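Numbering (the numbering used here), first residue to last: 2 to 159.
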């Protein structure tokens with residue numbers, strides 16, 4: 002809700018396209034198209050609001066990895082949950098740096114290495130989030146399989 006309010010009519014797709022712009026030319030093209038519509042201002046507001054979202058998703062992934070790793074009742078998954086939870090912090094820090102680079106680009110200017118660094122940070126962030134979500138799904142599957150096998154054992158013993 003907050004992100005939609007801050008970004009106005011700006012779509013998530015537009016924000017991701019800006020994050021994933023790899024060159025000064027791509028960023029310049031987007032900013033030229035957005036210039037007249039006030040989109041740059043909305044993108045700035047949205048980027049500032051994203052700092053709250055980062056706390057939310059990285060915290061959720063951090064505790065989610067630990068919780069579901071323990072829920073799976075598997076020694077390896079439980080240990081992995083502690084390691085993967087640290088990757089949630091890395092994803093959050095990558096997003097913070099990415100946002101700072103985007104703010105720099107929008108307010109100060111388009112510098113080639115800053116734009117490419119923003120792109121690299123976005124790839125790191127999205128890759129880590131994807132890995133963490135896969136890990137959580139695997140833990141849930143282990144938990145479900147354990148529940149099913151426990152019910153089966155109970156039925157066989159009765």
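Note that CB positions come from ideal geometry on N, CA and C, so glycine has one too.
Please read these numbers as outputs of a predicted model, since none were measured by experiment.
Cβ pair residue i, residue j closer than 8 Å
i: residue 103; j: residue 52; result: no
i: residue 59; j: residue 89; result: yes
i: residue 133; j: residue 62; result: yes
i: residue 169; j: residue 151; result: Outside the modelled stretch of the chain, which goes from 2 to 159, sits residue 169, for which no answer is possible.
i: residue 97; j: residue 139; result: no
i: residue 120; j: residue 66; result: no
i: residue 107; j: residue 45; result: yes
i: residue 79; j: residue 70; result: yes
Minimum C-alpha distance to residue i - residue among the options
i: residue 129; options: 95, 143 and 45; result: 95
i: residue 144; options: 24, 109, 55 and 68; result: 68
i: residue 15; options: 50, 40 and 24; result: 40
i: residue 73; options: 146, 34 and 17; result: 146
i: residue 112; options: 22, 35 and 131; result: 22
i: residue 131; options: 85, 154 and 105; result: 85
CB contact below 8 Å: residue i versus chain C
i: residue 96; result: The structure shown contains no chain C, having only a single protein chain.
Does the region 20-33 come into contact with the region 106-120, if we say contact requires no fewer than three beta-carbon pairs (one atom in each stretch) closer than 8 Å?
The region 20-33, when compared against the region 106-120, does touch it at the 8 Å Cβ threshold.
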